[in-house]
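Enquirer: Here's a structure for you.
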Amino acid sequence: MKIRKTDPTRRTFLRGSAALGAAALATPMLSGRAAAQASELRILFPGGTWQEYFQQAIIDPFVADRGTEIVWKTGLGFEPLLIAQRRRPQWDLAHQNQNTSSQLGAMEAIEEWTEENIPNLAQIHPSFRYPHLAGKVHTPYGIAVNVSEVPNGASAWTDLWDPAFKGKVGFPAWNWMGQEVFHAINELNGGAPDNVDPGIERLKALFAENDAIIVDNVEHAMQLMSAGEVWIMPHFGARTMQIRDAGTDVEFILPEEGGLSFIWNTSVVANRPDASRELAFDLVNHSLSVEAQTTFSKLTNYPPTNIELMNNLPPELKHLEMTPDEVESLGNIQRNFDYMAMFAYRDEIKTRWDREVLGG
Amino acid sequence: MNTSGRLFSTFLFSPIGIVYLLFLLAPIGFFLSMSLFRYDAFELYVPALTTENFERVLTDGYYQEIIFRTLKIAFLTSLFSLLLGYPLAYFLARSRTQWRGILMFLVIAPLMSGIIVRTYGWIVLLGSDGAVNKTLISIGLIDQPVQILNTETAVLLALVHILMPYMVFPLFSSLASQDPDVERAAGTLGAGRIRTFLEVTLPLSRTGILMGSALVFTLSAGSVVTPALLGGKDVQMLGQQIYDLVLTTLNWPLASAVAFVLVLCQFSIIALYFRGGRHGPA
Amino acid sequence: MTQEPVLEIRDVVKQYGDVRALGPVGISVREGEFLTLLGPSGCGKTTTLHIIAGLTNPTEGSVSMKGRDITALEPPQRDMGLVFQNYALFPHKTVFDNVAFGLRMRRVPKPEIKERVERVLEVVGLPGIGSRYPSELSGGQRQRVAVARAVVIEPSILLLDEPLSNLDAVLRKRMRLDLRNIQQRLGITTIFVTHDQDEAFEMSDRVILMNKGGIEQSGPPEEMYDRPESRFAAEFIGEANLVAGEVVEVGQGELKVKVAEAIFTAPAGKMTVAQGDRVTVMVRPERVEVSKTPISGGNTLQGKVSSRVFSGDQVSLTMRVTEDLELLCSKPSTALYRGFDIGDPVWISADDCWVLPRVDTRKGGAA
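Shown next, in the form of structure tokens:
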């Protein structure tokens with residue numbers, strides 16, 4: 018299958034320049050309080066503590082400054098809503114990661130991020146910048162390993178295939194992080210979104226020969242690792258620490274082939290009135306600032322993405338410090354992802370995953 | 020207008036009729052039409068009529084297997100819920116002990132914790148180091164832990180547990196509404212306890228059995244979380260397929276076709292069931 | 150009586166925790182008898198019936214049938230047919246299957262079942278409705294089906310638990326006669342439970358009046374009506390003027406009792422009394438004679454009409470005799486009795502009267 022929408026780069030370029038024109042006409046953003054700016058922001062966001070942190074670190078200072086009204090809709094899986102509404106959207110911002118934002122970007126449901134419309138983007142480390150999103154924090158992703166069961170630990174993605182772990186290997190469900198990890202493995206084995214044979218081959222082996230177990234989400238991972246059902250699995254760094262805090266002797270490692278990192282932020286919904294879009298960009302710009310990221314990192318214990326802050330971490334955030342090599346390693350694989358192609362081939366790839374990997 | 024026609028029009032204009040129309044028939048109509056559209060990677064769907072989605076669902080061995088497994092698990096869940104729930108409902112309906120309130124509470128209690136929490140509870144119980152395996156080993160039934168997690172057995176166990184209230188309450192209400200004198204009458208006419216149960220109590224609880232089984236059947240056929248968490252890769256059911264197609268793959272036309280097949284299976288099996296279960300005026 | 154009773158219950162007590170619901174009571178039932186247990190709700194009549202049927206176990210005492218102790222037998226082993234107050238028909242079975250049920254349980258061959266069911270449906274006056282369901286029948290029809298179902302197994306005893314109370318007044322009256330006819334045609338020993346005195350009187354050979362878990366009195370209806378042994382019996386059965394009196398003379402087979410200023414002569418009955426005892430004098434309202442002209446002689450009082458109620462076939466007059474003595478008189482609404490108006494002075498005579506104890510003592514008893 019070929020990507021039918023021809024040359025998305027050119028299209029986004031054209032749309033980008035249009036946005037640039039609009040931005041140029043509007044009052045410069047840093048001065049704030051544009052006469053034409055909207056007074057309300059409508060945000061799609063997951064609930065829970067993540068929303069509380071977001072509110073404290075980013076929304077509250079922003080609202081205090083601008084007097085903006087915030088309308089929330091909380092939940093998960095808003096992508097279909099955004100796609101369904103993409104011609105006449107009702108919401109200004111939606112919480113996304115690089116994968117979903119790239120998909121929505123491919124469908125023109127959200128705005129592209131540029132230094133013109135988001136000046137603070139210039140301060141974000143390239144490992145955490147994507148065409149339609151940049152992280153306000155990032156979540157390092159590698160391997161969680163139970164060191165009481167596996168005293169030698171693990172060092173690479175290839176360790177998942179170690180026959181010693183047969184029946185005790187976890188792999189994230191496709192609709193959780195499985196898709197990402199699959200593509201990473203596929204890339205590492207010389208594949209690409211339009212050639213997933215290497216990835217399918219490897220994962221088929223993981224399930225058929227090493228009896229891998231599907232892990233559905235963070236809580237499921239906690240359950241399976243705590244119960245000793247899973248000894249080793251791809252996982253988030255901070256979540257691995259939570260499993261350790263709950264009493265299981267697990268360690269988090271960044272694989273030597275390169276780790277992954279997920280970035281999270283609110284993407285800016287396309288086709289909204291100019292005034293709303295500007296205000297949304299303003300909020301996003303604020304979320305990337307040193308002040309906002311400092312507060313947010315303190316609340317979440319996730320490392321910041323702002324280069325200035327990364328280089329000058331306050332003492333209470335020192336434990337989040339990463340070497341340039343580590344940061345570089347996080348961008349290693351994903352930076353090469355062709356999200357557009359992943360999106361275009363998603364149905365075929367998922368079908369092969371279901372039949373060849375899981376059904377094999 | 021004949022009676023059924025009048026009943027139907029009354030139904031249509033009643034508030035519940037409107038609710039059904041808006042929230043049941045309209046969505047079914049919506050996804051039926053969606054299921055006839057063509058999938059497109061970027062546009063999501065193109066409104067060009069096609070049967071390719073249904074062909075894919077119905078002729079592909081992969082989906083056939085999942086449809087069969089879904090119906091099998093739904094059937095077994097209903098069967099075991101009925102077998103386990105009936106004695107419980109019977110006891111609740113007939114007993115006069117002060118424990119009745121507590122037992123009722125215990126039956127409802129699973130509904131108070133989320134389905135996810137309950138499913139995680141089963142992971143703890145069914146794991147190779149879990150209570151079930153430990154018990155089986157300690158009583159000498161097995162030497163090595165057996166694989167229960169990520170099997171159909173695990174899914175079945177958890178579904179029976181989670182859906183038990185939906186079986187017990189219709190059964191309870193049909194048993195409790197029975198006139199106790201009818202059972203007594205059978206006794207005075209010479210029927211022993213077992214005959215009385217088979218000839219009187221059981222047939223008179225037919226409505227409860229039908230309602231309970233229909234509820235459990237539909238709910239288990241549409242379950243997503245339980246098979247995902249306890250069944251692993253080998254116990255794929257239709258609900259998960261739909262979930263993935265809607266939210267991850269964004270293949271809505273195929274998702275709609277799968278959903279339509281699921282709803283159709285549920286409707287027709289339940290229709291058959293109620294037809295078969297109907298004899299004589301109630 | 151030389152004949153051995155069909156059913157005999159002895160010293161039966163039913164206790165629920167600390168509460169004694171029944172007894173001790175003893176009842177013996179003759180072959181072919183139509184016996185009624187009559188009493189207000191809570192008197193123990195249904196409990197007694199359930200103990201006979203085996204639906205309730207007595208705390209103490211025994212039940213025997215034709216000389217055999219059946220106290221420990223379950224209902225299916227007892228040879229009785231029970232008709233429930235709400236009929237308790239099997240709603241999911243046709244009339245035929247309802248009636249055939251007991252025969253099937255007795256493994257009667259199919260052709261015989263068919264024949265007997267059809268015959269009994271004819272006896273209860275419902276031929277040809279075997280294929281209908283109970284929900285398609287009227288109340289009276291259901292009641293007959295319930296009777297048919299109970300009698301088709303030819304039980305030694307038929308038990309009827311208020312079978313008429315769910316019917317409307319007109320139907321109830323007709324069903325009394327029908328039930329009695331069916332019973333007589335089959336010659337089946339029947340125990341009937343009711344709180345309705347009219348039903349009890351019209352249908353029964355013998356009535357057992359129960360109260361507070363004990364037997365108050367038993368006997369044929371006429372005796373129960375004419376010679377109640379307690380205030381409770383006098384008041385529960387029919388209407389009664391109950392008037393305070395004092396024994397002034399105990400004679401041969403009769404008593405002289407002072408009521409108000411008058412002296413009443415009454416039969417002595419079973420009661421042992423002495424001169425000076427305070428007693429109650431009962432006069433049934435229809436046996437009170439009333440006249441606008443003076444009447445002389447005994448058992449006579451003088452008063453004024455204080456109220457008058459016309460109810461079609463009857464006229465009821467209330468007459469005030471003294472400050473705390475009123476008498477009720479019911480008479481057919483002939484011209485003679487319609488002629489009384491409120492305030493008219495009247496002379497009252499009550500020749501047919503009966504003496505009761507002033508206060509009831511609790512009874513256990515046997516019948």
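So the sequence lines, in the order shown, correspond to chains A, B and C.
Residue 18 is where the first sequence starts when you use this note's numbering, and the numbers rise one by one after that.
Residue 20 is where the second sequence starts when you use this note's numbering, and the numbers rise one by one after that.
Residue 150 is where the third sequence starts when you use this note's numbering, and the numbers rise one by one after that.
All C-beta atoms in this analysis are idealised placements derived from N, C-alpha and C, irrespective of residue type, glycine included.
Model, not experiment: these values are computed from the prediction.
Measuring CB atoms only, is the stretch 116-133 of chain A touching the stretch 285-304 of chain A, in the sense that at least three cross pairs come out at less than 8 Å?
Expert: Yes, since at least three Cβ pairs between the stretch 116-133 of chain A and the stretch 285-304 of chain A fall closer than 8 Å, the two stretches touch.
Enquirer: Within the stretch 240-301 of chain B, note down every full beta strand (DSSP E) run reaching 3 residues or more, in order along the chain.
Expert: The stretch 240-301 of chain B contains no whole beta strand (DSSP E) run of 3 or more residues.
Enquirer: Leaving out five residues on either side along the sequence, give the residues of the same chain with a beta carbon under 7 Å from the beta carbon of A:P25.
Expert: The count along the first sequence starts at 1 and reaches residue 25 of chain A at position 8. Confidence at A:P25 is low in this model, with a pLDDT of 37, below 50, so the placement of that residue should be treated as unreliable; the coordinate-derived value is given next. The residues are A123, M357.
Enquirer: Reducing DSSP to helix, strand and coil, say where A:T283 ends up.
Expert: If you number the first sequence from 1, residue 283 of chain A lands on position 266. A:T283: strand per DSSP, three-state reduction.
Enquirer: How far does the beta strand (DSSP E) with A:N163 in it extend, from its first residue to its last?
Expert: In the first sequence, residue 163 of chain A corresponds to position 146, counting from 1. Element bounds for A:N163: 154-163.
Enquirer: Within the same chain, show all residues whose beta-carbon is closer than 7 Å to that of A:K367, passing over the 5 residues directly before and after it, in chain order.
Expert: Numbered from 1 along the first sequence, position 350 holds the residue referred to as residue 367 of chain A. Answer for A:K367: W191, listed in chain order.
Enquirer: Determine, for B:E218, whether the minimum Cβ-Cβ distance to residues of chain C falls below 9 Å.
Expert: The residue you call residue 218 of chain B lines up with position 199 of the second sequence. Yes, B:E218 lies at the interface with chain C (some Cβ there is under 9 Å from its Cβ).
Enquirer: When DSSP labels each residue in this structure, what does B:D59 get in the three-state scheme?
Expert: Working through the second sequence from its first residue, we reach residue 59 of chain B at position 40. Residue state, collapsed to three classes: strand.
Enquirer: Got a sec: is the Cβ-Cβ distance from A:Y356 to anything in chain B below 9 Å?
Expert: Looking up residue 356 of chain A in the first sequence gives position 339. Chain B, which has no Cβ nearer than 9 Å to the Cβ of A:Y356, makes this no.
Enquirer: Please list the residues of the stretch 119-145 of chain B that have a C-beta atom closer than 8 Å to any C-beta atom in chain A, keeping them in chain order.
Expert: Listed by position along the chain: I135, Y139, I142, V143.
Enquirer: With distances taken Cα to Cα, identify the nearest neighbour of A:V307 among A:L110, A:N329, A:E333, A:D266.
Expert: Residue 307 of chain A sits at position 290 when you count from the first residue of the first sequence. It is A:N329 whose Cα lies nearest to the Cα of A:V307.
Enquirer: So is A:Y362 in contact with chain B if we call contact Cβ pairs under 9 Å?
Expert: Residue mapping note: residue 362 of chain A aligns to position 345 of the first sequence, counting from 1. Yes, its Cβ sits closer than 9 Å to a Cβ of chain B.
Enquirer: Terminal residues of the continuous alpha helix (DSSP H) containing B:V123?
Expert: As a first step, residue 123 of chain B is located in the second sequence; it is residue number 104 there, counting from the start. Val is not the amino acid found at residue 123 of chain B; the sequence shown has Met there. Where B:M123 is concerned, the enclosing alpha helix (DSSP H) stretches over 118-131.
Enquirer: State the beta-bridge partners of C:A411 as determined by DSSP.
Expert: Counting from 1 along the third sequence, the entry for residue 411 of chain C is found at position 262. C:V408.
Enquirer: Since C:F239 meets chain B, which of its residues come closer than 7 Å, beta carbon to beta carbon?
Expert: If you number the third sequence from 1, residue 239 of chain C lands on position 90. Those within 7 Å of C:F239 in chain B are V201, V219.
Enquirer: Report buried or exposed for A:H303, applying the criterion of at least 16 other Cβ atoms within 10 angstroms of its Cβ.
Expert: Your numbering for residue 303 of chain A matches position 286 in the first sequence. The residue in question, A:H303, is buried, as its Cβ has 16 or more Cβ neighbours within 10 Å.
Enquirer: Any beta carbon of chain A sitting closer than 9 Å to that of B:A173?
Expert: Along the second sequence, read from residue 1 onward, the residue named residue 173 of chain B stands at position 154. False, the Cβ-Cβ gap to chain A never drops below 9 Å.
Enquirer: As a quick exercise: from A:P251, A:N234, A:D211, A:G208, pick the residue whose alpha carbon is nearest that of A:L223.
Expert: The residue labelled residue 223 of chain A in the question sits at position 206 within the first sequence. For the residues A:P251, A:N234, A:D211, A:G208, the minimum Cα distance to A:L223 belongs to A:P251.
Enquirer: Measuring only the C-alpha atoms, how far is B:I134 from B:W141?
Expert: Counted from its first residue, the second sequence places residue 134 of chain B at position 115. Counted from its first residue, the second sequence places residue 141 of chain B at position 122. Taking the straight line joining both Cα atoms gives about 11 Å.
Enquirer: What are the complete alpha helix (DSSP H) segments, minimum 4 residues, inside the stretch 188-217 of chain B?
Expert: Listed in chain order, they are 199-207, 212-215.
Enquirer: Compile a chain-ordered list of the residues in the stretch 241-265 of chain C whose CB is closer than 7 Å to at least one CB of chain B.
Expert: The stretch 241-265 of chain C vs chain B, Cβ under 7 Å: H241, F250, G251, M254, R255.
Enquirer: Just to confirm before moving on: does the CB-CB distance between C:M324 and C:Q292 stay below 9 Å?
Expert: As a first step, residue 324 of chain C is located in the third sequence; it is residue number 175 there, counting from the start. As a first step, residue 292 of chain C is located in the third sequence; it is residue number 143 there, counting from the start. Against a cut-off of 9 Å, the Cβ pair of C:Q292 and C:M324 comes out as a contact.
Enquirer: For C:C502 and C:G394, I'd like the C-alpha separation in whole angstroms.
Expert: Counted from its first residue, the third sequence places residue 502 of chain C at position 353. Counted from its first residue, the third sequence places residue 394 of chain C at position 245. The straight-line gap from Cα to Cα measures roughly 12 Å.
Enquirer: Say whether chain C places a C-beta atom closer than 9 Å to the C-beta of B:P222.
Expert: Position 203 of the second sequence, counted from the start, is the residue given in the question as residue 222 of chain B. For B:P222, the answer is yes, since a Cβ of chain C falls inside 9 Å of its Cβ.
Enquirer: If you follow the beta strand (DSSP E) that C:S177 is part of, which residue opens it and which one closes it?
Expert: Translated into positions along the third sequence, residue 177 of chain C becomes position 28. 168-178 is the extent of the beta strand (DSSP E) around C:S177.
Enquirer: Should A:A336 be labelled buried (16 or more other beta-carbon atoms within 10 Å of its own) or exposed?
Expert: By one-based count along the first sequence, residue 336 of chain A stands at place 319. Looking at the sequence provided, one finds His at residue 336 of chain A rather than Ala. When all chains shown are included, A:H336 counts as exposed.
Enquirer: Where does C:E285 land, buried or exposed, given buried means 16+ other C-beta within 10 angstroms?
Expert: Residue 285 of chain C sits at position 136 when you count from the first residue of the third sequence. By the neighbour-count rule (16 or more Cβ atoms within 10 Å), C:E285 is not buried but exposed.
Enquirer: In chain C, which residues lie less than 8 Å from B:G295 when you measure between Cβ atoms?
Expert: Against the second sequence, residue 295 of chain B aligns to sequence position 276. What B:G295 touches in chain C: nothing, since even the nearest Cβ is about 15 Å away.
Enquirer: Round the Cβ separation of C:P283 and C:L238 to the nearest angstrom and send it over; I've been treating them as touching at under 8 Å.
Expert: Position 134 of the third sequence, counting from 1, holds the residue named residue 283 of chain C. Position 89 of the third sequence, counting from 1, holds the residue named residue 238 of chain C. Indeed they touch by this definition, with Cβ atoms about 4 Å apart.
Enquirer: Between A:I217 and A:E373, how many whole angstroms is the CB-CB distance? I'm expecting something under 8 Å.
Expert: Counting from 1 along the first sequence, the entry for residue 217 of chain A is found at position 200. Counting from 1 along the first sequence, the entry for residue 373 of chain A is found at position 356. Indeed they touch by this definition, with Cβ atoms about 5 Å apart.
Enquirer: Residues in its own chain within less than 7 Å of C:E472 by CB, not counting five upstream and five downstream?
Expert: Residue 472 of chain C sits at position 323 when you count from the first residue of the third sequence. For C:E472, where only same-chain residues beyond five positions count, there are no Cβ hits under 7 Å.
Enquirer: Mind reading off the beta-carbon distance from C:P252 to C:I262? Whole number of angstroms is fine, and I expect it under 8 Å.
Expert: Translated into the one-based positions of the third sequence, residue 252 of chain C becomes position 103. Translated into the one-based positions of the third sequence, residue 262 of chain C becomes position 113. Before going further, note that residue 252 of chain C is Leu rather than Pro in the sequence given. The Cβ separation is near 5 Å, so the contact holds.
Enquirer: Is any beta-carbon of chain B found at less than 9 Å from that of C:E303?
Expert: The sequence position of residue 303 of chain C within the third sequence is 154, counting from 1. Closer than 9 Å: no.
Enquirer: Closer than 9 Å, CB to CB, is B:L208 near chain C or not?
Expert: Position 189 of the second sequence, counting from 1, holds the residue named residue 208 of chain B. Chain C contact via Cβ: present.
Enquirer: Between which residues of its own chain and A:D371 is the CB-CB distance below 6 Å, once the five residues before and five after are set aside?
Expert: What you label residue 371 of chain A is simply residue 354 of the first sequence in a count that begins at 1. For A:D371, where only same-chain residues beyond five positions count, there are no Cβ hits under 6 Å.
Enquirer: Going along the chain, which residues of the stretch 354-388 of chain C sit with their C-beta nearer than 9 Å to a C-beta in chain B?
Expert: Answer in chain order: no residues at all.
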